[in-house]
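Okay, structure first, notes after.
Residue numbers (our numbering): 88 to 552.
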């Protein structure tokens, strides 16, 4: 009887492990650079981004470049996005009393409006470049995926635009935009913070040195350490189950055979991962209420650690996946879009936070600007510089705004595939985006627009007690 036998010393068996080995060394190198290079730490640039840049530089060496498998790096970027969002979504959250519900909805609306504004800005530029140089007309719609979502979404939609709609270098375009977004979040955020501190508008709070207790790492009803399955192993199991559920959702949507829905299914893996995670949370809560499940299986601390690791891998692998020959093709579009997106995001988010979050507008600006040009981690890093103990409602608001943000950003996400199908569709989606952006902005500034109606309403100004 003949059987296929795995030859363990064959290079194909080790190719994935070699990529993970490279990513691990790069993360370590990035952390060393960040801590050892004078002045670099001040700009709060993530170690993962620096590690990715190390790989980019080393790829100029032919011997090293042959070790980096771009396709596998892209695969890691794609899946780490979904797995990271599953970990965040599975966490048990407690509603903060400091944040009124309307503030959470407004923050979600601002997030969705900024995505759409970035999309409008990017498409306006790509349409001009299309007329002059023949650049792909819908390239600008990838801008909010890179700035607002990060490398995973930017790669996903860039690859779809490249493979299905003829956008040459689309995957590297998205990854480059996302990488620049990280730098913008860190450098611009730190410069703004230092300017405000020098003018006395921000008074950095001191870290009160809170000592973590057992409750910060585990809850009383969790599975005991004496159980046969490790707590961290249980978190991995829950993440895997949720991501498998997301894969099922994507297959169901894709089974329709409609091209736009198929793009939507595979291009938004993180969205279906979030939905699957919430479904699992509901099932577990019902089972516990019925007495079928006696213990708590979710550990927020361990999920945080796993999610952070996934996002670190996503950033490094995303940067390592960039092909310079593709960047050269689209360099003008990248420069113009990233510059314009940085400016409009700064101005829009600053104006909204100044209007809506009196008493902690700088905290809200920094965490939102960091998130909307980099990732949530960038925003929280900036926030910790001036509010290390989260005395203001900014951190709670940022965590709780995720669900309304998805709802407000849904049109931006759902129309991505349609926008690339033709020039006419691109223009129609641009019109829809413009109407939505105007509607969201009116809602956010409604107290100014409808001044008489809201003059007697509570202004929700926060004052530290």
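By construction, the Cβ of each residue, glycine as well, lies at the ideal position given by its N, Cα and C atoms. Predicted, not measured: the structure shown is a model, and the values here were computed from it.
Quiz prompt | beta strand (DSSP E) runs wholly inside the region 256 to 291, at least 3 long, in chain order | solution = Counting only runs of at least 3 residues, the region 256 to 291 fully encloses no beta strand (DSSP E) element at all.
Quiz item: Is it right to say residue 151 is buried, meaning 16 or more other beta carbons lie within 10 angstroms of its own, or is it exposed?
Solution: Exposed, since its Cβ has fewer than 16 Cβ neighbours within 10 Å.
Quiz item: Given residue 237, which residues of its chain have a CB within under 6 Å of its CB, disregarding the five upstream and five downstream residues?
Solution: Answer for residue 237: 265, 462, listed in chain order.
Quiz item: Which residues in the same chain have their Cβ closer than 7 Å to the Cβ of residue 214, if we skip the five residues on either side of it in sequence?
Solution: Closer than 7 Å at Cβ, skipping near neighbours: 224.
Exercise. Under 7 Å Cβ to Cβ from residue 138, same chain only, skipping five residues before and after it: list those, please.
Key: Only 113, 114, 116, 117, 403 meet the Cβ criterion.
Practice problem: Check residue 126 in the structure and name its three-state DSSP category. | Solution: Here residue 126 carries a coil assignment [DSSP, helix/strand/coil].
Self-check item: Rounded straight-line distance, which links the Cα of residue 417 to that of residue 220
Solution: Taking the straight line joining both Cα atoms gives about 10 Å.
Practice problem: With DSSP as the reference, label residue 111 as helix, strand or coil. | Solution: Residue state, collapsed to three classes: helix.
Quiz prompt | Classification of residue 281 by the beta-carbon crowding that lies within 10 angstroms, buried from 16 upward | solution = With fewer than 16 Cβ atoms within 10 Å of its Cβ, residue 281 is classed as exposed.
Quiz item: To the nearest angstrom, how far is it from the Cα of residue 201 to the Cα of residue 327?
Solution: Using only the alpha carbons, I get a separation of about 32 Å.
Quiz item: Just how far apart, CA to CA, sit residue 336 and residue 495?
Solution: Going from the Cα of residue 336 to the Cα of residue 495 covers about 21 Å.
Quiz item: Leaving out five residues before and five after residue 519 in sequence, what residues of the same chain have Cβ atoms less than 8 Å from its Cβ?
Solution: Apart from sequence neighbours up to five positions away, the residues of its chain that approach residue 519 with a beta-carbon distance below 8 Å are 498, 502, ordered along the chain.
Quiz item: Are the CB atoms of residue 143 and residue 409 nearer to each other than 8 Å?
Solution: Yes, they are a contact pair.
Quiz item: Just how far apart, CA to CA, sit residue 369 and residue 103?
Solution: The alpha-carbon atoms of residue 369 and residue 103 are separated by roughly 35 Å.
Quiz prompt | Inter-residue Cα distance where the pair is residue 329 and residue 395 | solution = Between residue 329 and residue 395, the C-alpha separation is close to 17 Å.
Self-check item: Other residues of its chain near residue 191: CB distance less than 7 Å, five sequence neighbours each side excluded
Solution: 484, 487, 488, 491, listed in sequence order.
Quiz prompt | Span of the alpha helix (DSSP H) around residue 238 | solution = 238 to 252 is the extent of the alpha helix (DSSP H) around residue 238.
Exercise. May I have the straight-line CA-CA distance separating residue 101 from residue 399, to the nearest angstrom?
Key: If you draw a straight line from the Cα of residue 101 to the Cα of residue 399, it comes to about 22 Å.
Practice problem: Specify the secondary structure class of residue 383 as computed by DSSP and reduced to three states. | Solution: Residue 383: strand per DSSP, three-state reduction.
Self-check item: Length of the line joining the Cα atoms of residue 254 and residue 316
Solution: Between residue 254 and residue 316, the C-alpha separation is close to 48 Å.
Practice problem: Please list the segments of the alpha helix (DSSP H) lying wholly inside the region 488 to 539, counting only runs of 4 or more residues, in order along the chain. | Solution: Counting whole runs of 4 or more residues, the region 488 to 539 contains the alpha helix (DSSP H) stretches 489 to 501, 503 to 507, 510 to 531, 533 to 536.
Quiz item: Taking the alpha helix (DSSP H) that residue 464 falls in, what are its first and last residues?
Solution: Where residue 464 is concerned, the enclosing alpha helix (DSSP H) stretches over 463 to 473.
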